[in-house]
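Peer 1: When we follow the working numbering, the leftmost residue of the sequence shown carries the number 11, and every step to the right adds one. Using N, Cα and C, we set each Cβ at its ideal position, and we do this for glycine too.
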Amino acid sequence: MEFKDYYKVLGVEPGAGEAEIKQAYRRLARKFHPDVSKEKGAEERFKGINEAYEVLRDKEKRAEYDALRAGGYRPGEDFRPPPGFGQGRGAHGAGDFNYEFGQGGGGAGFSDFFESLFGARSRPRPGPSQGAQPRGDQRAKLSVPLEVAFAGGSQRVQLDGRTLDVKIPVGIRVGQVIRLGGQAPGGGDLLLEVDYAPHAQFEVDGRNIVHILSLAPWDAVLGTTVTVPTLGGPVELKIPKDSDAGKKLRLKGRGLPGSPAGDQIVEIEITAPKPENEAQRSLYRQMALAFGGVV
């Protein structure tokens, strides 16, 4: 099993800040999302990007990963977790353990390397004996996809060799707790604290959903109508003339459900297409001259 370079996967330096890591993830996730990408191996690349972001966006996971790098582990080298690595991580007090359930159950399709570092979080800690564990409520983290938080539904998780179907209410918020009576290993209740899974197209701001829309310069200047994704399905959005980078357009009520429902904020990002031939490059030169540039 090879030691993975999560910084290289996202294309950032080890000292990168949270904003830079988020920006890199957002850019790569849009590029390699299996629903839109025509790149070869996009699905596997997308999984790797999500895994790297899962580690580097989390202060605790990132600190543990950085500690291994500082200890001499290097990308591509054969890796085995040091003895006792991760013991005691995520304790919540007597009788508690720290699960992290992703979509489709523990692990969420992460690599063996990720599981070797953090997989213990998806398995209960053994009790003091092989007999029955004392009854007590147990806590866990449940990573809910935004589409499920928006529409509600059922999410399947795995626990102690069992498969549980968890009902997710419409509009559930980060930090809310779902209680499953009698489902903890010792017979107590399982308390699932909700977090939102990272999404390739959306970010969350309260009940609002933020989407970054890439436009060609001429579309931003001349105005156009584009199709944008929302959690409720694609919609048509009119782009006004002379829209600058950073301009925000609001889709009323297209955010997460609630009282009131959130909105979707579409933030414009202007991207100049790369010229593929000399004719296109010549047009860029003409445009530069027209706007007073030097060629």
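Which residue comes first and which comes last in the beta strand (DSSP E) that contains D205?
Peer 2: Run containing D205: L200 to Y206, per the beta strand (DSSP E) assignment.
Peer 1: Can you tell me whether V305 is buried or exposed, with buried defined as 16 or more other CB within 10 angstroms of its CB?
Peer 2: By the 10 Å Cβ count, V305 comes out exposed.
Peer 1: DSSP on I182, reduced to helix/strand/coil?
Peer 2: The answer is coil: DSSP assigns I182 none of H, G, I, E or B.
Peer 1: According to DSSP, simplified to helix, strand and coil, what is A150?
Peer 2: A150 falls in the strand class under three-state DSSP.
Peer 1: Taking just the CA atoms, how far does L247 sit from S269?
Peer 2: Going from the Cα of S269 to the Cα of L247 covers about 24 Å.
Peer 1: On a CA-only basis, which of D205, E203 and V220 is nearest Q211? Give me that one, please.
Peer 2: The shortest C-alpha separation from Q211 is found at V220.
Peer 1: Pair every Cβ in the segment 27 to 40 with every Cβ in the segment 191 to 198, then say whether three or more of these pairs are closer than 8 Å.
Peer 2: Contact fails: fewer than three Cβ-Cβ distances are below 8 Å.
Peer 1: Kindly confirm or deny that the segment 271 to 283 and the segment 244 to 258 touch, where touching means at least three C-beta pairs closer than 8 Å.
Peer 2: Yes: the two stretches touch, three or more of their Cβ pairs being nearer than 8 Å.
Peer 1: Give me the residue from H209, K14, L232 and G146 with the minimum Cα distance to V88.
Peer 2: With the sequence shown as reference, residue 88 is identified as Asp, and Val is not the correct amino acid for it. Nearest C-alpha to D88: K14.
Peer 1: Roughly how many whole angstroms lie between the Cα atoms of K71 and A29?
Peer 2: Rounded to the nearest angstrom, the two C-alpha atoms are 17 Å apart.
Peer 1: DSSP three-state label for G171, please.
Peer 2: Here G171 sits in coil by DSSP.
Peer 1: Apart from the five residues on each side of it in sequence, which residues of its chain come closer than 6 Å, Cβ to Cβ, to E203?
Peer 2: Once the five neighbours on either side are set aside, the close Cβ partners of E203 are K151 and V187.
Peer 1: Which residues does DSSP pair with G163 in a beta bridge?
Peer 2: I178, per the DSSP bridge assignment.
Peer 1: Report, in whole angstroms, the separation of the C-beta atoms of S153 and A207, which I expect to be a contact under 8 Å.
Peer 2: About 4 Å separates the two Cβ atoms, so the contact holds.
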